[in-house]
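Novice: Throughout, our numbering is defined as the position within the sequence shown, counted from one, plus 61. I'd like to ask some things about the structure below.
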Amino acid sequence: MIPGLVCSAVCAGQAKSRPNVLVFIADDLGTNEIGCYGGENLQTPNIDRLAKEGMLLTNNFCSMAVSVPIRASLYTGLYPQHHGSFRNHKPVNRGLRSVVHYMSDLGYRVGRTGKDHPVKQLKVFPFEKIPGFAVGCTMSHPPVSTPDGIREFMSRDKSQPFCLFVCSINTHAPWDSGDASEFNPDSVHLPPNCVDNAVTRRMFCDYLAEIRMLDNEVGMTLRTLEETGQLDNTLVIFLGEQGPKMPFGKWTCYRYGQHSAFLARYPKKIKAGSVSDALVQYEDVLPTLIDFAGGAPVDTLDGRSLLPILYGKKKAHVREWAYGIHNNHPEGPAYPIRSIQDKRYRFIMNLMHERPYSEKHMMKPEDTNDMWGSWLVTAQTDERASWLIDKFVHRPAQELYDHQTDPWELHNLADLPEYAARVAEMKTALLEWMEQMGDTGIGMDVAN
């Protein structure tokens with residue numbers, strides 16, 4: 062055989078055996094509602110399957126609980142201050158390389174279906190566009206997702222591995238795409254940081270119905286992998302993105318907003334039913350994919366590969382801190398927030414705490430048939446509702462929460478003398494991180 066043909070045959074054989082990557086991303090999903098994360102309101106068998114057949118990570122956090130910035134972090138491996146999208150809908154810096162470039166360089170076809178944030182920057186995010194999943198996350202009554210596009214992409218060229226991002230718009234508001242009749246408003250379990258009234262319970266059922274839609278999409282995606290013979294040769298990652306459009310959820314640095322599901326299945330290397338409490342962030346996903354694909358570490362990225370953690374290696378690198386950032390423009394008046402946490406404690410700095418917090422999409426006082434407006438009505442006669450509203454709107458300069466005893470962050474410990482040393486340690490580490498990021502704090506929260 063001619064030497065060149067021998068090389069071609071060997072390379073083709075290697076390509077066929079190389080594993081694929083599929084990353085499924087939810088939209089504004091409260092991790093606490095998923096069955097494998099302790100959810101009580103519905104069963105999520107398809108998402109839970111990934112936990113049973115792979116690894117569940119309990120401490121994955123968004124660095125920013127807003128879609129455009131955190132997806133930019135997912136795709137670039139950089140913190141928001143570094144990639145430039147440190148306010149919602151702000152473009153990333155020009156000239157960046159993203160997962161499309163890194164994985165293409167390693168021989169992968171890279172595609173994306175569904176939600177396309179960040180938008181209009183095709184040189185940075187030149188994904189192949191795959192049909193089948195709705196793109197507009199604010200769409201009312203979107204069409205039900207179909208598998209034809211992802212099936213064609215998975216099956217197109219078996220000689221080249223694929224890297225596919227399946228980006229659902231569930232559970233982004235408006236919550237009107239599912240069948241809420243599955244749920245009884247009187248019996249749902251509301252999060253402890255919610256005002257309990259009829260409007261909230263009705264809307265919460267609408268939200269749960271979209272989680273059902275999301276779980277169905279995960280099931281459809283897994284079946285498509287099975288039908289194409291690719292399931293066990295594919296690293297499947299499920300991510301929850303940030304928390305839901307509810308007070309203390311997205312657009313904050315609270316746990317409800319920043320805590321995110323992270324499940325990973327790859328039976329050749331990841332132990333079924335395994336759990337890790339390692340502290341991880343979205344910036345770690347791209348380095349993990351590069352490592353999985355056989356690439357060398359990229360020193361300019363902010364994240365680190367999680368592959369040793371996923372593979373259960375005892376000497377895996379573990380983060381000391383997870384960091385958070387929020388800039389309120391263009392969703393409302395300036396209200397910059399920064400946070401830091403370890404596995405137990407979260408420390409928050411509200412850099413403009415003198416003013417009330419306000420967010421235009423969620424906080425509509427005039428609409429008493431919407432969640433926030435209904436809370437204001439309930440607060441007129443309910444002391445706890447009044448307290449929750451005041452806690453959300455009027456925040457102190459510093460907040461400290463112990464997730465071991467207070468996972469819903471209802472009791473601020475920052476001013477207690479016995480926590481002074483912990484506050485000082487975490488504040489120092491947070492300020493050092495901000496300096497490393499070139500983070501000017503209030504100076505970053507200005508109009509786009």
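Virtual Cβ for every residue (Gly too), placed ideally from N, Cα, C.
First and last residue of the alpha helix (DSSP H) that includes M339?
Specialist: Reading the sequence shown from its first residue, position 278 is the one you call residue 339. According to the sequence displayed, residue 339 carries Ala and not Met. Where A339 is concerned, there is no enclosing alpha helix (DSSP H), although the beta strand (DSSP E) it sits in stretches over 335-342.
Novice: I'd like to know if the segment 333-340 and the segment 277-294 are in contact, where contact means that at least 3 CB-CB pairs between them fall below 8 angstroms.
Specialist: Output reads no: the segment 277-294 does not touch the segment 333-340.
Novice: Please state the DSSP three-state secondary structure of H513.
Specialist: The question about residue 513 has no answer here: the residues shown for the chain are numbered 62 through 509.
Novice: Hey, quick one: how far does the alpha helix (DSSP H) through A490 stretch, first residue to last?
Specialist: The count along the sequence shown starts at 1 and reaches residue 490 at position 429. Residues 481-498.
Novice: Quick check on V318: does DSSP put it in helix, strand or coil?
Specialist: Taking the sequence shown and counting its residues from 1, the one referred to as residue 318 is at position 257. One point to set straight first is that residue 318 is Gly, not Val, in the sequence displayed. Here G318 sits in helix by DSSP.
Novice: Which runs of the beta strand (DSSP E) spanning at least 3 residues fall entirely within the segment 157-237, listed in chain order?
Specialist: Segments of the beta strand (DSSP E) lying fully in the segment 157-237: 170-175, 189-191, 223-228.
Novice: Measuring alpha carbon to alpha carbon, tell me which of P328, G168, G434, M505 ends up nearest H387.
Specialist: Counting from one through the sequence shown, the residue named residue 387 turns up at place 326. Checking every option, the nearest Cα to that of H387 belongs to M505.
Novice: Below 6 angstroms CB to CB, which residues in the same chain sit around G91 once its five sequence neighbours on both sides are set aside?
Specialist: As a position in the sequence shown, residue 91 is number 30, starting the count at 1. The answer, listed in chain order, is G304, P305.
Novice: In the DSSP output, what is L286 paired with across the bridge?
Specialist: If you number the sequence shown from 1, residue 286 lands on position 225. According to DSSP, L286 bridges with nothing at all.
Novice: How should N245 be labelled, buried or exposed, when 16 other C-beta atoms within 10 angstroms of its C-beta is the threshold for buried?
Specialist: Counting from one through the sequence shown, the residue named residue 245 turns up at place 184. When all chains shown are included, N245 counts as exposed.
Novice: Hey, out of D360, A383, F353, whose CA is closest to P369's CA?
Specialist: Within the sequence shown, numbered from 1, the residue matching residue 369 stands at position 308. When each option's Cα is compared against that of P369, the closest is F353.
Novice: Would you report the Cα separation of H390 and Q182, rounded to the nearest angstrom?
Specialist: Along the sequence shown, one-based indexing puts residue 390 at 329. Along the sequence shown, one-based indexing puts residue 182 at 121. If I take the Cα positions, the gap works out to 20 angstroms.
Novice: Under the DSSP definition of a beta bridge, which residues are partnered with F408?
Specialist: Here residue 408 refers to the residue found at position 347 of the sequence shown. DSSP lists I401, L461 as partners of F408.
Novice: How many Å lie between L83 and E271 at the Cα?
Specialist: The sequence position of residue 83 within the sequence shown is 22, counting from 1. The sequence position of residue 271 within the sequence shown is 210, counting from 1. Straight-line Cα distance between these residues: approximately 22 angstroms.
Novice: Determine the direct distance from the alpha carbon of I503 to that of I108, and round the result to whole angstroms.
Specialist: The residue you call residue 108 lines up with position 47 of the sequence shown. The residue you call residue 503 lines up with position 442 of the sequence shown. Cα to Cα, the separation comes out at about 39 angstroms.
Novice: Less than 8 angstroms between the CB atoms is what I'm expecting for S321 and E344, so what's the real figure, rounded?
Specialist: Within the sequence shown, numbered from 1, the residue matching residue 321 stands at position 260. Within the sequence shown, numbered from 1, the residue matching residue 344 stands at position 283. With a Cβ gap of about 12 angstroms, S321 and E344 do not count as contacting.
Novice: So is Q402 buried or exposed if we call it buried at 16+ other beta carbons inside 10 Å?
Specialist: Counted from its first residue, the sequence shown places residue 402 at position 341. The residue is buried, with at least 16 neighbouring Cβ atoms inside 10 Å.
Novice: Sorted by chain position, which residues of the same chain lie with C-beta nearer than 6 angstroms to L111's C-beta, five sequence neighbours on each side aside?
Specialist: Within the sequence shown, numbered from 1, the residue matching residue 111 stands at position 50. Closer than 6 angstroms at Cβ, skipping near neighbours: F299, L324, R326.
Novice: Take V161 and list the residues in its own chain whose beta-carbon comes closer than 8 angstroms to its own, dropping the five residues that flank it on each side.
Specialist: Along the sequence shown, read from residue 1 onward, the residue named residue 161 stands at position 100. These residues qualify, in order along the chain: Y136, V171, F186, P187, F188.
Novice: Could you check where the alpha helix (DSSP H) with M432 kicks off and where it finishes?
Specialist: Numbered from 1 along the sequence shown, position 371 holds the residue referred to as residue 432. Segment 432-440, the alpha helix (DSSP H) holding M432.
Novice: Across the segment 126-141 and the segment 149-158, are there enough close Cβ pairs to call them in contact, namely three or more that are closer than 8 angstroms?
Specialist: Yes: the two stretches touch, three or more of their Cβ pairs being nearer than 8 angstroms.
Novice: In angstroms with no decimal places, state the Cα-to-Cα distance between P203 and W236.
Specialist: Within the sequence shown, numbered from 1, the residue matching residue 203 stands at position 142. Within the sequence shown, numbered from 1, the residue matching residue 236 stands at position 175. Taking the straight line from one Cα to the other gives about 10 angstroms.
Novice: Can you check which of these residues, G96, Y372, R262, is closest to E432 by C-alpha distance?
Specialist: Reading the sequence shown from its first residue, position 371 is the one you call residue 432. The sequence as given places Met at residue 432; Glu does not occur at that position. Comparing Cα-Cα distances from M432 to each of G96, Y372, R262, the minimum goes to R262.
Novice: So, with DSSP's three-state summary, where would you put G504?
Specialist: Locating residue 504 in the sequence shown gives position 443, where the first residue counts as 1. Here G504 sits in helix by DSSP.
Novice: Look at the alpha carbon of A241 and the alpha carbon of F194, and state the distance between them as a whole number of angstroms.
Specialist: As a working note, residue 241 is residue 180 in the sequence shown. As a working note, residue 194 is residue 133 in the sequence shown. Distance between the alpha carbons of A241 and F194 is about 21 angstroms.
Novice: Using a Cβ-Cβ cutoff of less than 6 angstroms, which residues in the same chain neighbour M125 once the five nearest sequence positions on both sides are dropped?
Specialist: Here residue 125 is taken as the residue at index 64 of the sequence shown, counted from 1. So the list reads I131, P141, I386, once near-sequence residues are dropped.
Novice: Please report how far the alpha carbon of L118 lies from the alpha carbon of C224, in whole angstroms.
Specialist: As a working mapping, residue 118 is identified with position 57 in the sequence shown. As a working mapping, residue 224 is identified with position 163 in the sequence shown. Taking the straight line joining both Cα atoms gives about 21 angstroms.
Novice: Residues in the same chain with beta-carbon distance under 6 angstroms from F309, minus the five sequence neighbours each way, listed in chain order, please.
Specialist: Here residue 309 refers to the residue found at position 248 when the sequence shown is read from its first residue. Once the five neighbours on either side are set aside, the close Cβ partners of F309 are N254, Y315, Y317.
Novice: Quick check: Y48 and V454, are their CB atoms within less than 8 angstroms of each other?
Specialist: Residue coverage of the chain in this structure runs from 62 to 509, which leaves residue 48 outside it and unanswerable.
Novice: Taking just the CA atoms, how far does L491 sit from Y462?
Specialist: For the purposes of this step, residue 462 is identified with residue 401 of the sequence shown, where counting begins at 1. For the purposes of this step, residue 491 is identified with residue 430 of the sequence shown, where counting begins at 1. Approximately 15 angstroms between the Cα atoms of the pair.
Novice: So, is Q441 buried or exposed, given that buried needs 16 or more other C-beta atoms within 10 angstroms?
Specialist: Sequence index remark: in the sequence shown, residue 441 carries index 380 (1-based). Exposed, since its Cβ has fewer than 16 Cβ neighbours within 10 Å.
Novice: Can L167 and G356 be called in contact, C-beta distance under 8 angstroms?
Specialist: Here the question's residue 167 lines up with position 106 in the sequence shown. Here the question's residue 356 lines up with position 295 in the sequence shown. For L167 and G356, yes; Cβs fall inside 8 angstroms.
Novice: Where does L296 fall in DSSP's three states?
Specialist: Locating residue 296 in the sequence shown gives position 235, counting from the first residue. Correct three-state label for L296: strand.
Novice: Would you identify the three-state DSSP class for I95, choosing helix, strand or coil?
Specialist: Locating residue 95 in the sequence shown gives position 34, counting from the first residue. It is coil, neither helix nor strand.
Novice: On the DSSP bridge assignment, give the partners of H387 in chain order.
Specialist: On the sequence shown, residue 387 is found 326 positions in, with the first residue counted as 1. I398, per the DSSP bridge assignment.
Novice: Grab the span of the beta strand (DSSP E) containing F122 for me, first residue to last.
Specialist: For the purposes of this step, residue 122 is taken as residue 61 along the sequence shown, with counting starting at 1. Here the beta strand (DSSP E) through F122 covers 116-122.
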